[in-house]
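Just so we're aligned, residue 13 is where the sequence shown starts under the UniProt record's numbering, counting upward by one.
Quick reminder that beta carbons are idealized off the backbone N, C-alpha and C, glycines included.
Fair warning: this is a prediction, and the values are worked out from it, not measured in the lab.
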Amino acid sequence: HWVRILEALQKKVNRQSYDTWFKPTRFSHINGKTLYVRIPSTEFQHVGDRYENLIMEAIDNLGLEVEKVLFVTPQEDPSLPKVREDGGFAPQPDRSLTNARNNNARQSTNLPEQSRFDWNTAAQLNPRYVFDGFVIGSGNQFAHAAALAVAERPSKAYNPLFLYGGVGMGKTHLMQAIGHEVKRRNPHAAISYVSGEKFTNEMINSVRYDKMTSFRDKYRNVDVLLIDDIQFLAGKERTQEEFFHTFNALHESMKQIVIASDRPPKELADFEDRLRSRFEWGLIADIQPPDLETKVAILQKKAESEHTPLPTDVALFIASNVRTNVRELEGALVRLIAWCSLHGVEITLPTAQQCLKQFIDTQVRKITIEAIQRAVAEQFGMRVAELKQKNNSRQIVVPRQIAMYLAKQMTEASLPEIGRQFGGKHHTTVMHSIAKIDEQRRTDKDLNRTINKLMETLN
Ligand code: ADP
Ligand code: MG
């Protein structure tokens, strides 16, 4: 199970984080619907917090019978006979012999509270994503105020609330904070958080297995619907249609809808107009990248929550060297804390410079569309110029779509910009190409392998 989950995660998590936090993990065992994953040390326990959504999504997408994931250090792992002093992995036990016995032993094993991570409750809302943990700065002030207003007066302040902004800007955090706050004020409130991707997959499955009624009931009988990354619905007509009716049902019965997107409604290409116009019924709030002060404040807040003192010069160093993405900012800090604790050194400017050197370097070395085109052309034994020609033979179309897909995934270029670099394609063509590869990649193993290989080469 864990290997398959890791495979899925590798595509979603940036390579640095994957190598640091996932590579060293190992499948331990399964007990009922609980999956035990072994981690080298307690520093890895935050993996559960940070990546819970991705992990749960992967589990859902793979259709695994897992409801809970527990991260255990070798010391806590009941399936290990003996633990090495240095905290490294002890040798694998002989499973065929130990499993039955361990099943009993496990019941009575008391894992420390900290490592117990209940994915059942966490699958919906991340306990960390509360208003209290959100740092307000000039870029997110407006969105924060709007979110708070909605949490205080659901369906009466703004309905829907449409949040948009770039990756790692805090959209998910803010929208889940609404959920937490509504729940805090009214414990009976039914709150549903779902990503556009999950909504789509659930809908497809409901159609396939004739379970449309229960799907509809699920999303039309809530007090607050938080739908994240709505841009995923682009080009998916049937899902949009279904969401349109969900939206109407909720709106008519005065239920709150909160939508998060990576772009404003107007720029949601391949969306039905009636849906786009509904997104504009309430309030649209954007989140802009944090300025330096806000980045420093976010780092300090985060360090505080980890009970780790963070000198100001170190915070400034990280804030000014890491790009605007808050997720990467946090990643750098988490890495630094783990690194210093593993090496038993204090967090100072020199240690930070040493530890984060590679992290920062990889950010500077940006991947360009030209590099992607070269790699794809080489992979398919063609010339770069061919990728840009007006030629719609299959031998050219597929590599071109793959290259566009990679350009979207690996660079910050906009759709029109990508179109320009591929011989002047319209941005909707680019979007279609990307969606197509995105979709095919899920089922076509060969294609998936090719893409992974290309990504690896480029990285
Ligand atoms: P998005 O959904 O916009 O991609 P997330 O909400 O997932 O971004 O945020 C990425 C990470 O950055 C999360 O761990 C979140 O808690 C953190 N984060 C983003 N903005 C802030 C903020 N203003 N204050 C504190 N943490 C933040
Ligand atoms: Mg998000």
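Within 10 Å of its beta-carbon, does residue i have 16 or more other beta-carbons around it, so buried, or fewer, so exposed?
{"i": "residue 104", "result": "Caution is warranted here: a pLDDT of 37 is assigned to residue 104, below 50, making its placement in the model unreliable, and no coordinate value can be reported."}
{"i": "residue 224", "result": "exposed"}
{"i": "residue 119", "result": "Low per-residue confidence applies at residue 119: pLDDT is 36, beneath 50, and the placement is therefore not dependable, though the value from the model is reported in the following sentence. Exposed."}
{"i": "residue 458", "result": "exposed"}
{"i": "residue 266", "result": "exposed"}
{"i": "residue 473", "result": "Given a span of 13 to 471 for the chain in the structure shown, any question on residue 473 remains unanswerable."}
{"i": "residue 97", "result": "Confidence is the limiting factor: at residue 97 the pLDDT is only 34, short of 50, which leaves the residue's position unreliable and the question unanswerable from this model."}
{"i": "residue 304", "result": "exposed"}
{"i": "residue 149", "result": "buried"}
{"i": "residue 260", "result": "exposed"}
{"i": "residue 407", "result": "exposed"}
{"i": "residue 86", "result": "buried"}
{"i": "residue 289", "result": "exposed"}
{"i": "residue 35", "result": "exposed"}
{"i": "residue 308", "result": "buried"}
{"i": "residue 277", "result": "buried"}
{"i": "residue 166", "result": "buried"}
{"i": "residue 197", "result": "exposed"}
{"i": "residue 15", "result": "exposed"}
{"i": "residue 412", "result": "buried"}
{"i": "residue 455", "result": "exposed"}
How would you write the range of the beta strand (DSSP E) that residue i sits in, first residue to last?
{"i": "residue 417", "result": "No beta strand (DSSP E) holds residue 417; the alpha helix (DSSP H) holding it covers 406-422."}
{"i": "residue 43", "result": "38-43"}
{"i": "residue 50", "result": "46-50"}
{"i": "residue 211", "result": "Note, residue 211: premise wrong, no beta strand (DSSP E); alpha helix (DSSP H) at 208-220."}
{"i": "residue 265", "result": "Looking at the DSSP string, residue 265 is not in any beta strand (DSSP E), and its letter there is neither H nor E."}
{"i": "residue 239", "result": "236-240"}
{"i": "residue 82", "result": "80-84"}
{"i": "residue 298", "result": "295-299"}
{"i": "residue 481", "result": "The requested residue 481 does not occur in the structure, where the chain is confined to residues 13 to 471."}
Based on Cα-Cα distance, which residue from the options lies nearest to residue i?
{"i": "residue 343", "options": "234, 194, 61 and 416", "result": "61"}
{"i": "residue 45", "options": "79, 384 and 37", "result": "79"}
{"i": "residue 297", "options": "172, 306 and 388", "result": "172"}
{"i": "residue 365", "options": "228, 161, 325 and 43", "result": "325"}
{"i": "residue 433", "options": "449, 402 and 407", "result": "402"}
{"i": "residue 65", "options": "52, 50, 81 and 56", "result": "81"}
{"i": "residue 251", "options": "41, 274, 226 and 213", "result": "213"}
{"i": "residue 272", "options": "174, 257 and 181", "result": "174"}
{"i": "residue 31", "options": "59, 43 and 180", "result": "59"}
{"i": "residue 189", "options": "161, 179 and 84", "result": "161"}
{"i": "residue 232", "options": "254, 220 and 219", "result": "254"}
{"i": "residue 448", "options": "416, 241 and 181", "result": "416"}
Hey, how far is the Cα of residue i from the Cα of residue j?
{"i": "residue 168", "j": "residue 328", "result": "41 Å"}
{"i": "residue 468", "j": "residue 67", "result": "21 Å"}
{"i": "residue 209", "j": "residue 155", "result": "23 Å"}
{"i": "residue 444", "j": "residue 27", "result": "26 Å"}
{"i": "residue 466", "j": "residue 246", "result": "25 Å"}
{"i": "residue 451", "j": "residue 355", "result": "43 Å"}
{"i": "residue 222", "j": "residue 302", "result": "46 Å"}
{"i": "residue 360", "j": "residue 152", "result": "30 Å"}
{"i": "residue 333", "j": "residue 369", "result": "10 Å"}
{"i": "residue 347", "j": "residue 425", "result": "28 Å"}
{"i": "residue 340", "j": "residue 410", "result": "32 Å"}
{"i": "residue 19", "j": "residue 71", "result": "11 Å"}
{"i": "residue 204", "j": "residue 244", "result": "18 Å"}
{"i": "residue 430", "j": "residue 367", "result": "35 Å"}
{"i": "residue 141", "j": "residue 201", "result": "18 Å"}
{"i": "residue 9", "j": "residue 345", "result": "Not covered by the structure: residue 9. The range shown for the chain is 13 to 471."}
{"i": "residue 217", "j": "residue 227", "result": "9 Å"}
{"i": "residue 264", "j": "residue 163", "result": "19 Å"}
{"i": "residue 388", "j": "residue 185", "result": "36 Å"}
{"i": "residue 236", "j": "residue 293", "result": "17 Å"}
{"i": "residue 234", "j": "residue 183", "result": "21 Å"}
{"i": "residue 139", "j": "residue 395", "result": "50 Å"}
{"i": "residue 314", "j": "residue 207", "result": "25 Å"}
{"i": "residue 382", "j": "residue 400", "result": "11 Å"}
{"i": "residue 351", "j": "residue 311", "result": "16 Å"}
{"i": "residue 131", "j": "residue 322", "result": "The pLDDT assigned to residue 131 is 34, lower than 50, so where the model puts this residue is not dependable; a value taken from the coordinates is nonetheless given after this. Between residue 131 and residue 322, the C-alpha separation is close to 30 Å."}
{"i": "residue 199", "j": "residue 371", "result": "42 Å"}
Let's see if you can read the secondary structure: which residues bound the alpha helix (DSSP H) around residue i?
{"i": "residue 291", "result": "285-291"}
{"i": "residue 190", "result": "183-197"}
{"i": "residue 281", "result": "Run containing residue 281: none; DSSP gives neither H nor E here."}
{"i": "residue 443", "result": "439-455"}
{"i": "residue 156", "result": "153-164"}
{"i": "residue 328", "result": "324-333"}
{"i": "residue 168", "result": "Here residue 168 belongs to no alpha helix (DSSP H), and DSSP marks it neither H nor E."}
### Message
Closer than 5 Å between the C-beta and any heavy atom of the ligand ADP: which residues qualify, listed along the chain?
### Response
146, 147, 179, 180, 181, 182, 183, 184, 185, 310, 338 and 339
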